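*Asks:*
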Amino acid sequence: MEKATVVCPYCGAGCKMQMVVDDGKIIKVEAANGKTNQGELCLKGYYGWDFLNDTKLLTPRLREPMIRREKGAPFETVSWDEAIKFVAHRLSDIKAKYGPRSIMTTGSSRGTGNETNFVMQKFARAVLGTNNVDCCARVCHGPSVAGLRATVGNGAMSVSVEDIEKSKCLLIFGYNSADSHPIVARRVVKAKQNGAKIIVCDPRRIEAARIADQHLQLNNGCNVAMVNSFIYTILEENLYNKDYVANYTEGFDALWDVVKDYAPEKVEPITGVPAADVRQAMRTYAKAETAIICWGMGVTQFGQGTETVKSLSTLALLTGQLGRPGAGLAPVRGQNNVQGGCDMGVLPDLFPGYQKVTDAAVREKFAKRWGIDPATMDKENGVKITEVPHLALEGKVKAYYIMGEDPLQTEADLSMVRKGIEALDLLVVQDIFMTKTAEVADVILPSTSWGEHSGVYTCCDRGFQRFFKAVEPKYNVKRDWAIISLIATEMGYPMHYNDEQEIWDELRELCPLYFGATYEKMGEMGHVQWPCPTLEHPGTPILYTDNKFATPSGKGLLFATQWRKPGELIDEDFPMVLCTVREVGHYSCRSMTGNCAALRTLADEPGYVQINPTDAQVLGIKDQQLVWVESRRGKVISRANVSERINRNAVYMTYQWWIGACNELTQDNVDSVTATPETKYCAVKVVAIEDQ
Ligand code: SF4
Numbered sequence: 001m002e003k004a005t006v007v008c009p010y011c012g013a014g015c016k017m018q019m020v021v022d023d024g025k026i027i028k029v030e031a032a033n034g035k036t037n038q039g040e041l042c043l044k045g046y047y048g049w050d051f052l053n054d055t056k057l058l059t060p061r062l063r064e065p066m067i068r069r070e071k072g073a074p075f076e077t078v079s080w081d082e083a084i085k086f087v088a089h090r091l092s093d094i095k096a097k098y099g100p101r102s103i104m105t106t107g108s109s110r111g112t113g114n115e116t117n118f119v120m121q122k123f124a125r126a127v128l129g130t131n132n133v134d135c136c137a138r139v140c141h142g143p144s145v146a147g148l149r150a151t152v153g154n155g156a157m158s159v160s161v162e163d164i165e166k167s168k169c170l171l172i173f174g175y176n177s178a179d180s181h182p183i184v185a186r187r188v189v190k191a192k193q194n195g196a197k198i199i200v201c202d203p204r205r206i207e208a209a210r211i212a213d214q215h216l217q218l219n220n221g222c223n224v225a226m227v228n229s230f231i232y233t234i235l236e237e238n239l240y241n242k243d244y245v246a247n248y249t250e251g252f253d254a255l256w257d258v259v260k261d262y263a264p265e266k267v268e269p270i271t272g273v274p275a276a277d278v279r280q281a282m283r284t285y286a287k288a289e290t291a292i293i294c295w296g297m298g299v300t301q302f303g304q305g306t307e308t309v310k311s312l313s314t315l316a317l318l319t320g321q322l323g324r325p326g327a328g329l330a331p332v333r334g335q336n337n338v339q340g341g342c343d344m345g346v347l348p349d350l351f352p353g354y355q356k357v358t359d360a361a362v363r364e365k366f367a368k369r370w371g372i373d374p375a376t377m378d379k380e381n382g383v384k385i386t387e388v389p390h391l392a393l394e395g396k397v398k399a400y401y402i403m404g405e406d407p408l409q410t411e412a413d414l415s416m417v418r419k420g421i422e423a424l425d426l427l428v429v430q431d432i433f434m435t436k437t438a439e440v441a442d443v444i445l446p447s448t449s450w451g452e453h454s455g456v457y458t459c460c461d462r463g464f465q466r467f468f469k470a471v472e473p474k475y476n477v478k479r480d481w482a483i484i485s486l487i488a489t490e491m492g493y494p495m496h497y498n499d500e501q502e503i504w505d506e507l508r509e510l511c512p513l514y515f516g517a518t519y520e521k522m523g524e525m526g527h528v529q530w531p532c533p534t535l536e537h538p539g540t541p542i543l544y545t546d547n548k549f550a551t552p553s554g555k556g557l558l559f560a561t562q563w564r565k566p567g568e569l570i571d572e573d574f575p576m577v578l579c580t581v582r583e584v585g586h587y588s589c590r591s592m593t594g595n596c597a598a599l600r601t602l603a604d605e606p607g608y609v610q611i612n613p614t615d616a617q618v619l620g621i622k623d624q625q626l627v628w629v630e631s632r633r634g635k636v637i638s639r640a641n642v643s644e645r646i647n648r649n650a651v652y653m654t655y656q657w658w659i660g661a662c663n664e665l666t667q668d669n670v671d672s673v674t675a676t677p678e679t680k681y682c683a684v685k686v687v688a689i690e691d692q
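Right under this line is the structure:
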C-alpha cells in the first residue's frame with residue numbers, strides 16, 4: 001500500500017489528508033496533520049473520493065474528447081489531435097472575425113490547482129488577447145475581494161484559520177460554518193470553550209447560533225441597515241479607538257452623516273433586531289481584547305455585497321480589531337481553491353498577484369516574460385461571467401471556453417443563462433464529469449481529477465499548500481494545463497511545460513507577493529501564506545501587523561452607505577423570500593460529491609426546501625412532503641424540510657440539486673461593483689404537491 005498527501009478539494013478550509021492506495025485503487029482516506037485541520041476531517045474529506053474508483057457513478061466520467069459537429073447533432077468521440085485542432089481553429093476564426101473580446105474563458109476554483117489557473121489566464125491574455133477570464137469567485141466572494149481591496153488593500157482573510165480559536169470575540173455574519181467549512185466550525189466551538197464571546201448575525205438559527213452569546217436574528221435583505229446601526233452604536237457610544245482611527249485610517253468625518261439615521265432603535269422595524277441587543281453586541285465587539293469578523297455568502301450574495309464588506313471592514317478599523325493574533329477580518333472562502341483562482345488572476349481586472357490589467361508597466365512586464373508585443377494585450381478590464389449570457393444574447397460574446405465550472409447549475413436565473421449559452425457559436429467544456437453545461441457543449445475536453453494530478457491550492461487564509469497525485473488516471477484524459485498548452489500551440493503561440501513546478505516558478509517570478517513561496521518551502525505538509533516576497537521570508541500569517549494598509553495612502557478606508565432594498569421584493573403572489581444556502585454533505589454543482597456513494601446516503605435527490613413550522617402549517621405542508629417552489633422565473637419540485645431553525649416568511653434551498661435546481665428560481669440583480677448575483681433574496685411561493 002502507498003500513501004499520497006492531498007488537500008481536500010471540498011472547501012476552502014484546506015484540510016490535508018492522505019489517500020491510501022492499494023493496487024491502483026484508493027481504499028481509504030486518513031486525516032493528516034495540516035496547518036488548518038490538525039489531524040481532523042469532516043465527512044466530505046473522509047468519504048468524498050470513491051468516484052475516483054469509478055463506482056456507482058450517476059453521471060458519466062468524461063473519458064474521451066468529443067465533438068458535436070453541428071447544433072443538435074450527437075457527440076462524436078474523436079482523437080486528442082482532432083479535438084485540439086477543432087478548438088484552436090474555431091477560436092482563431094472567431095477571434096479573426098469578431099475580435100479577441102468575443103471569446104470568454106474561465107478558470108476553475110475546484111480541484112485543478114493554481115498552476116492551471118495561471119495557464120488559463122495566460123492563454124486568455126497572451127494567446128487570445130483578451131482579459132475575458134473569470135472564475136466562480138464572481139458568484140460568491142467577489143465582493144469580499146473588492147470590498148477588502150478598497151478598504152484595507154488585500155482581498156483575503158487578514159488572519160489565519162487558527163486565529164479563530166484564539167480570538168476573544170467572534171462576530172459571525174451571514175456565515176454558516178457548520179455546513180460550509182465544518183473544520184473551521186470546530187475552531188468556533190474551540191473559541192467558545194476558550195471563553196470567547198460569540199455573536200451570530202443570521203436570519204436562521206444556524207449551528208453557531210446555538211452556542212452563541214447573542215443571536216441577532218435579522219430579517220432577510222437588510223445587511224447594510226444592520227451594519228450601519230453597528231457603526232452608529234460604535235460612534236454614538238464612543239466605542240471606537242480614537243488613536244487607531246486618527247493614525248491609521250481615513251474617511252472618519254464622512255461616516256456620521258451616513259449612519260446618523262440608523263440608530264438601532266430607529267432601524268428595528270427594518271432589521272427586526274431589538275436595539276438593546278445591537279448595542280450590547282457592539283459593546284462586546286469593541287471592548288473585546290481581540291475580535292474577528294467572519295462572514296460568508298450571507299454577506300456577499302446581495303446587490304450591496306461589496307458595500308457590506310466595506311462596512312464590516314470599517315467596524316474593524318474603527319475599533320482597531322486588526323493586525324494582531326485573534327483580531328481581524330475573515331471572509332471564509334467557499335470552494336477549495338477560490339482564493340487561488342483570484343490569486344492566479346482568473347479575474348477580468350487583475351493579473352496574477354493582484355496586479356492591475358490597466359497598468360501599462362504591469363502589462364509590459366507580463367508581455368516581456370511571455371514573449372509577446374504588449375500592444376497586442378487587452379488594456380481594459382474584461383467580461384465577468386455573470387455578464388456572459390447577456391453579452392451572448394447581444395452577439396458580443398461568441399465563444400465560451402469553460403474549465404471546471406458548471407454555469408447551467410450554479411448561476412442565477414438559469415432560464416436566462418440557458419438562452420445565453422444557446423446563442424453562442426462555440427461552447428468548449430473542459431471537465432471531469434458530464435455536467436449540465438457539458439451536456440450542451442460543442443466540444444468536450446476530458447481532464448484529470450484531483451487525486452490524479454499534483455499542484456498547489458490556496459486555502460481560505462492565503463496559505464499555499466501542495467497536493468500530490470495518488471492514482472493514475474484511467475481514461476484518455478489530460479492535465480488541464482497540458483490541454484490549454486496544446487490549444488495555444490495550435491493557435492500559433494508555442495506553449496509547453498514539463499510539469500507544475502515550471503509553471504509555478506514562472507508565476508513566482510511575475511508576482512512579488514508570491515516570489516518566496518517555492519515548492520521546496522511548501523514541501524509536503526507546509527502552508528506558506530502570502531505575502532511571501534523573498535526566498536528567506538516565512539510567509540505572513542497575519543496581515544497589517546504594522547498598521548499599514550495596502551491602499552494607495554497606506555491608511556484603512558472608513559466607509560458607510562445608505563441601505564437599499566433587494567432587487568426583487570415579496571408581494572401577494574410571491575409572499576416568501578428564497579435564500580440559497582449550503583448542504584454539508586455536498587459540494588458546488590455536486591458533480592463530484594453526487595457521484596460518491598457514501599455522501600449520497602446522507603442527502604440525495606430531490607433536494608429540500610427548509611421552512612418554518614408555522615409557515616408550513618399555514619400552507620398545509622408536512623415535513624418531507626413534496627412541494628412546488630415557484631418564482632417569477634420558474635418552478636421546481638422539492639421536499640419540505642420543516643424546522644424551527646428557519647425564520648418566518650423565508651425558505652432556504654441549496655443549489656446542488658440536479659432535480660429541483662433552485663437557480664431556476666433565483667434572479668440576477670447583481671452587486672453594483674462585482675456583478676455578483678443576489679442569490680440570497682428573491683420572491684417565491686411554496687405549494688404542497690397534493691394541492692396542484
Ligand atoms: Fe474538506 Fe472542508 Fe471538510 Fe476540511 S472542512 S475535510 S477541506 S470539506
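At position 467 of the sequence shown the residue is numbered 467 (full-length UniProt numbering), and the sequence of numbers has no breaks.
Think of the CB as a built atom: it goes at the ideal place given N, C-alpha and C, for glycine as much as any other residue.
Keep in mind that this is a model prediction, so the values were computed, not measured.
1. Are the CB atoms of Asp163 and Gly326 nearer to each other than 8 Å?
2. Whose C-alpha, out of Leu171, His141, His453, is nearest the C-alpha of Ile199?
3. Within the continuous beta strand (DSSP E) that includes Ala4, where are the two ends?
4. Just the C-alpha distance for Gln625 and Ser643, rounded to the nearest angstrom, thanks.
5. Give the range of the beta strand (DSSP E) segment to which Ser638 is assigned.
6. Out of Lys192, Cys169, Cys201, Val152, which has the shortest C-alpha to C-alpha gap to Tyr175?
7. Which value, in whole angstroms, describes the spacing of the CA atoms of Arg186 and Leu322?
8. Cβ of Pro182 within 7 Å of any heavy atom in the ligand SF4?
9. Mind pulling the beta strand (DSSP E) runs of 3 or more residues that sit fully within the stretch 608-635?
10. Give me whichever residues DSSP pairs with Ala327 in a beta bridge.
11. Just to confirm, are Val133 and Ala124 a CB contact at a threshold of 8 Å?
12. Quick one: grab the DSSP three-state call for Leu543.
13. Whole angstroms are fine: how far does the CA of Cys511 sit from the CA of Met377?
14. Are the CB atoms of Trp450 and Gly195 within a distance shorter than 8 Å?
15. Buried or exposed for Val618, going by 16 or more other Cβ atoms inside 10 Å?
16. Any chance you could list the beta strand (DSSP E) runs of at least 3 consecutive residues sitting entirely within the stretch 36-110, in chain order?
17. Return helix, strand or coil for Leu578, following the three-state DSSP convention.
18. Assign Trp256 to buried or exposed, taking buried as 16 or more other Cβ atoms, counted over all protein chains shown, within 10 Å of its Cβ.
19. Using CA coordinates, which residue listed in Phe366, Ala13, Val383 is at the minimum distance from Ala375?
20. Going by alpha carbons, who is nearest to Met297 out of Glu289, Val309, Met344?
21. Taking 7 Å as the cut-off, does the CB of Cys294 come closer than this to any heavy atom belonging to the ligand SF4?
22. Pair every Cβ in the stretch 329-340 with every Cβ in the stretch 247-256, then say whether three or more of these pairs are closer than 8 Å.
23. Taking the alpha carbon of Arg63 as the reference point, which residue from Phe433, Thr580, Lys266 has its own alpha carbon closest?
24. Output the boundary residues of the alpha helix (DSSP H) element that contains Met282.
25. Say whether the stretch 386-403 touches the stretch 102-122, bearing in mind that this needs 3 or more beta-carbon pairs closer than 8 Å, one atom from each stretch.
26. I'd like to check one pair, Ala32 with Met344: are the Cβ atoms closer than 8 Å?
27. Could you give the uninterrupted runs of the beta strand (DSSP E) lying entirely in the stretch 136-210, keeping only those of 3 residues or more?
28. Give a yes or no on whether the C-beta atoms belonging to Leu665 and Val629 are separated by under 8 Å.
29. Confirm the yes/no value for this check: CB of Lys44, any heavy atom of the ligand SF4, distance under 7 Å.
30. Counting only the same chain and skipping the five closest in sequence on each side, list residues whose C-beta sits under 7 Å from that of Asp425.
31. Rounded to whole angstroms, what is the Cα-Cα separation between Val267 and Ile646?
32. Got a sec, what are the start and stop residues for the beta strand (DSSP E) Asp431 sits in?
33. Do you know whose CA, among Ala13, Cys8, Ala4, lies nearest Cys460's CA?
34. Which residues in the same chain as Arg508 place their Cβ atom closer than 6 Å to its Cβ, once the five residues preceding and following it in sequence are excluded?
35. Kindly identify the DSSP beta-bridge partner or partners of Asp134.
36. Could you work out which residue in Ala640, Asn595, Ile483, Arg205 is closest to Ala88 when comparing CA atoms only?
*Replies:* Checking against the coordinates, here is how it stands:
1. Start at 1 with the first residue of the sequence shown, and residue 163 comes out as number 163. Start at 1 with the first residue of the sequence shown, and residue 326 comes out as number 326. Yes, they are a contact pair.
2. For the purposes of this step, residue 199 is taken as residue 199 along the sequence shown, with counting starting at 1. Considering only alpha carbons, the answer is Leu171.
3. Residue numbering aside, residue 4 sits at position 4 when the sequence shown is read from its first letter. First-last of the beta strand (DSSP E) with Ala4: 2-7.
4. Counted from its first residue, the sequence shown places residue 625 at position 625. Counted from its first residue, the sequence shown places residue 643 at position 643. Straight-line Cα distance between these residues: approximately 13 Å.
5. Start at 1 with the first residue of the sequence shown, and residue 638 comes out as number 638. Looking at the DSSP string, the run of the beta strand (DSSP E) that includes Ser638 is 635-642.
6. If you number the sequence shown from 1, residue 175 lands on position 175. Of the listed residues, the one whose Cα sits closest to Tyr175 is Cys201.
7. Here the question's residue 186 lines up with position 186 in the sequence shown. Here the question's residue 322 lines up with position 322 in the sequence shown. Rounded to the nearest angstrom, the two C-alpha atoms are 22 Å apart.
8. On the sequence shown, position 182 is the one that residue 182 refers to. The answer is yes for Pro182.
9. 608-611, 626-631
10. Taking the first residue of the sequence shown as position 1, residue 327 is located at position 327. Beta-bridge pairing links Ala327 to Arg324.
11. Working through the sequence shown from its first residue, we reach residue 133 at position 133. Working through the sequence shown from its first residue, we reach residue 124 at position 124. Yes, the Cβ-Cβ distance between Val133 and Ala124 is below 8 Å.
12. One-based indexing of the sequence shown puts residue 543 at position 543. Leu543 falls in the coil class under three-state DSSP.
13. For the purposes of this step, residue 377 is identified with residue 377 of the sequence shown, where counting begins at 1. For the purposes of this step, residue 511 is identified with residue 511 of the sequence shown, where counting begins at 1. Computed Cα separation, rounded: 18 Å.
14. Within the sequence shown, residue 195 is the residue found at index 195, counting from 1. Within the sequence shown, residue 450 is the residue found at index 450, counting from 1. Their beta carbons are not under 8 Å apart, which means Gly195 does not touch Trp450 by this criterion.
15. Within the sequence shown, numbered from 1, the residue matching residue 618 stands at position 618. So Val618 counts as exposed.
16. 103-106
17. The residue labelled residue 578 in the question sits at position 578 within the sequence shown. Three-state DSSP puts Leu578 in a strand.
18. Residue numbering aside, residue 256 sits at position 256 when the sequence shown is read from its first letter. Per the 10 Å Cβ criterion, exposed.
19. Counted from its first residue, the sequence shown places residue 375 at position 375. Of all alpha-carbon atoms in Phe366, Ala13, Val383, the one lying nearest the alpha-carbon of Ala375 is that of Phe366.
20. Within the sequence shown, numbered from 1, the residue matching residue 297 stands at position 297. Minimum Cα distance to Met297 is reached at Val309.
21. Taking the sequence shown and counting its residues from 1, the one referred to as residue 294 is at position 294. False, no ligand heavy atom lies under 7 Å from that Cβ.
22. no
23. Residue numbering aside, residue 63 sits at position 63 when the sequence shown is read from its first letter. Comparing Cα-Cα distances from Arg63 to each of Phe433, Thr580, Lys266, the minimum goes to Phe433.
24. The count along the sequence shown starts at 1 and reaches residue 282 at position 282. Element bounds for Met282: 275-287.
25. yes
26. Within the sequence shown, the letter at position 344 stands for residue 344. Within the sequence shown, the letter at position 32 stands for residue 32. No.
27. 169-173, 197-201
28. Locating residue 665 in the sequence shown gives position 665, where the first residue counts as 1. Locating residue 629 in the sequence shown gives position 629, where the first residue counts as 1. Val629 sits close to Leu665, with the two beta carbons spaced by under 8 Å.
29. Numbered from 1 along the sequence shown, position 44 holds the residue referred to as residue 44. Under cutoff, so the answer is yes.
30. Counted from its first residue, the sequence shown places residue 425 at position 425. The residues are Ile94, Lys398, Ala399.
31. Within the sequence shown, residue 267 is the residue found at index 267, counting from 1. Within the sequence shown, residue 646 is the residue found at index 646, counting from 1. If you draw a straight line from the Cα of Val267 to the Cα of Ile646, it comes to about 22 Å.
32. On the sequence shown, residue 431 is found 431 positions in, with the first residue counted as 1. Following the DSSP letters along the chain, one finds Asp431 inside the beta strand (DSSP E) bounded by residues 426-431.
33. The residue you call residue 460 lines up with position 460 of the sequence shown. Ranking Ala13, Cys8, Ala4 by Cα distance to Cys460 puts Ala13 first.
34. Indexing the sequence shown from 1 puts residue 508 at position 508. So the list reads Tyr514, Phe515, once near-sequence residues are dropped.
35. Taking the first residue of the sequence shown as 1, we reach residue 134 at position 134. DSSP lists Thr106 as partners of Asp134.
36. By one-based count along the sequence shown, residue 88 stands at place 88. Among Ala640, Asn595, Ile483, Arg205, the Cα nearest to that of Ala88 belongs to Ile483.
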